[in-house]
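Okay, structure first, notes after.
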Amino acid sequence: MILRIDNLVKHYGPVRAVDGLSLEIGQGEVLGLVGESGSGKSTVGKCVLRLTEPTSGSIELNGTDITHLSRRAMRPLRRDVHMVFQDPFSSLNPRFSIEQIVGEPLLRHKVCDRRETAGRVAAMLEKVGLRQEMRKRYPHELSGGQRQRVGLARALILEPKLVVADEPVSALDVSVQASVLNLITDLQRDMGFSCLFITHDLSVVEFLADRIAVMYLGRIVESGPTAEIFAQPRHPYTQALLSAAPVADPVRQRERRRIVLGGDVPSPVDPPAGCRFHTRCPLAYDECRSTEPALTDPRGAGHPAACHLVTADRVPDAAAPL
Ligand code: SF4
Ligand code: MG
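As structure tokens, this is what we get:
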């Protein structure tokens with residue numbers, strides 16, 4: 045396992061951003077972590093990079109428990125895990141040239157001297173589809189798509205084992221989203237890094253992720269192989285998210301029944317008792333209001349969901365409430 049998160053909790057004062065979350069990512073595997081804004085998914089990414097200290101639980105990176113490592117002890121491990129941010133502009137130092145930005149991790153970790161760094165930067169820029177003359181440019185001279193390519197080049201130059209990508213295409217124009225997603229897919233296949241891909245948009249990870257985990261109010265409500273999540277979503281929340289995602293195929297679009305969720309996501313300061321989703325679930329019944337469902341995988345098929353109906357081995361259908 046490259047990443048193993050066990051029962052992670054992160055509270056910011058009264059805000060229960062992450063509230064008992066476990067997940068694993070294997071070698072070369074891409075996990076899509078999907079949830080609405082406020083679900084806690086970005087906080088998971090920040091904990092993995094130790095940009096914030098977990099409240100409890102544990103995080104293992106490539107066999108090392110990093111949950112409470114000091115900054116100094118964490119430093120050598122920073123070679124193995126890199127982050128790609130949503131807004132490439134705010135994450136790139138405006139005073140540095142592209143060459144300096146992409147080469148900086150090599151120099152910081154003393155991987156090679158300046159001459160070799162220049163060669164590696166040139167090769168990396170080619171990999172992410174940027175022309176060599178970009179080396180002398182500055183972030184403000186680049187388009188959004190070019191800046192995200194620079195962000196990828198910087199994240200990948202140390203050949204990390206794990207890349208945490210937090211909404212890497214959502215700040216980009218729709219017209220360039222697909223090309224950047226294709227690039228990430230190609231780079232992942234070519235370099236073989238594992239990836240925690242965080243997104244609010246299920247359709248973004250359909251062709252990239254091997255597995256998907258769906259988050260709601262700080263917890264995972266369903267996870268499984270991507271094809272299965274799309275073909276047979278079990279949790280009513282996943283069913284609703286999928287019903288709202290665009291599909292390219294007009295037949296599938298026509299067959300699909302739209303599930304409209306009532307109300308807003310409740311506050312993570314005071315999550316609902318019982319099933320956290322019960323205030324919006326079209327299938328909620330008495331038990332849902334009092335008892336919290338555990339993640340269960342009744343058929344042992346690696347596709348667990350946290351819903352009383354699933355535990356009872358029934359198939360929830362949020363599009364057909366009783
Ligand atoms: Fe809906 Fe109840 Fe299942 Fe929660 S446990 S998802 S409220 S049916
Ligand atoms: Mg976020």
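Start counting at 1 in the sequence shown, then tack on 44, and there's your number in our numbering. Cβ coordinates follow ideal geometry from the N, Cα and C atoms, glycine included. Values in this document were obtained by computation on a predicted structure and should not be read as measured data.
Distance between residue j and residue i (C-alpha atoms, nearest Å)
i      : j      : result
Phe321 : Asp330 : 13 Å
Phe237 : Val125 : 10 Å
Thr259 : Gly84  : Looking at the sequence itself, residue 259 is Met, so the reference to Thr does not match. Their backbone Cα atoms lie some 8 Å apart in a straight line.
Asn106 : Leu121 : 9 Å
Gly101 : Gly76  : 21 Å
Glu211 : Ala222 : 13 Å
Ala271 : His244 : 18 Å
Met168 : Ala197 : 6 Å
Pro280 : Val220 : 32 Å
Leu174 : Asp131 : 18 Å
Leu286 : Thr355 : 21 Å
Thr99  : Asp230 : 36 Å
Cys325 : Leu305 : 7 Å
Asn137 : Arg159 : 22 Å
Gly111 : His184 : A quick correction: the sequence has Thr, not Gly, at residue 111. About 36 Å.
Ile103 : Ile49  : 5 Å
Pro360 : Gly346 : 18 Å
Thr87  : Asp157 : 35 Å
Arg233 : Leu252 : 10 Å
Ser311 : Lys154 : 45 Å
Gly375 : Ala209 : Nothing in the structure corresponds to residue 375, since the chain is present only between 45 and 366.
Glu97  : Arg115 : 11 Å
Glu148 : Ala199 : 11 Å
Ser214 : Ser81  : 12 Å
Lys205 : Arg94  : 16 Å
Asp357 : Asp109 : 36 Å
Asp314 : Leu186 : 43 Å
Thr323 : Pro316 : 7 Å
Pro342 : Cys351 : 11 Å
His55  : Glu336 : 20 Å
Leu202 : Met118 : 16 Å
Ile242 : Ala364 : 30 Å
Gly64  : Val172 : 37 Å
Gly72  : Gly268 : 16 Å
Gln192 : Glu250 : 20 Å
Leu278 : Arg301 : One point to set straight first is that residue 278 is Arg, not Leu, in the sequence displayed. Each residue's alpha carbon lies about 15 Å from the other.
Residues that residue i bridges to, as DSSP identifies them
i      : result
Met127 : Val208
His153 : DSSP output for His153 lists no bridge partner at all.
Ile382 : Given a span of 45 to 366 for the chain in the structure shown, any question on residue 382 remains unanswerable.
Tyr182 : DSSP, once it has assigned bridges, lists no residue as partnering Tyr182.
His55  : Arg60
Thr108 : Leu105
Gly76  : Phe241 and Ile256
Continuous beta strand (DSSP E) stretch holding residue i: start and end
i     : result
Ala61 : Val59 to Ile69
Extent of the continuous alpha helix (DSSP H) to which residue i belongs
i      : result
Gly101 : Premise fails: Gly101 lies in the beta strand (DSSP E), Ser100 to Leu105, not in any alpha helix (DSSP H).
Gly195 : Gly188 to Leu200
Glu170 : Arg158 to Lys171
Pro132 : Pro132 to Ser135
Cys91  : Lys85 to Val92
Arg175 : Unbroken run through Arg175: none, as it is neither H nor E.
Ala362 : Unbroken run through Ala362: none, as it is neither H nor E.
Ala117 : Arg115 to Met118
Whole-angstrom C-beta distance between residue j and residue i, which should lie under 8 Å
i      : j      : result
Ala289 : Ser247 : 4 Å
Ile264 : Leu67  : 7 Å
Ile303 : Gln283 : 6 Å
Leu150 : Arg164 : 6 Å
Leu240 : Gly89  : 6 Å
Arg60  : Gly307 : About 19 Å separates the two Cβ atoms, so there is no contact after all.
Gln176 : Ala166 : 6 Å
Ile145 : Met178 : Contact doesn't hold; Cβ gap of about 11 Å is too wide.
Val309 : Val207 : Actually they are not in contact, since the Cβ atoms of Val309 and Val207 sit about 27 Å apart, beyond 8 Å.
Val224 : Gly189 : 6 Å
Val62  : Leu47  : Actually they do not touch by this definition, with Cβ atoms about 15 Å apart.
Leu339 : Ala349 : 7 Å
Gly344 : Cys332 : Between Cys332 and Gly344 the Cβ distance is about 24 Å, and since that is not below 8 Å, they are no contact.
Task: Minimum length 4: unbroken alpha helix (DSSP H) runs contained in the segment 213–282 - done: 218–235, 246–249 and 270–275
Open item on the list: My parser needs the alpha helix (DSSP H) runs of 4 or more residues fully inside the segment 321–356; what are they?
Closed with: 330–334 and 352–355
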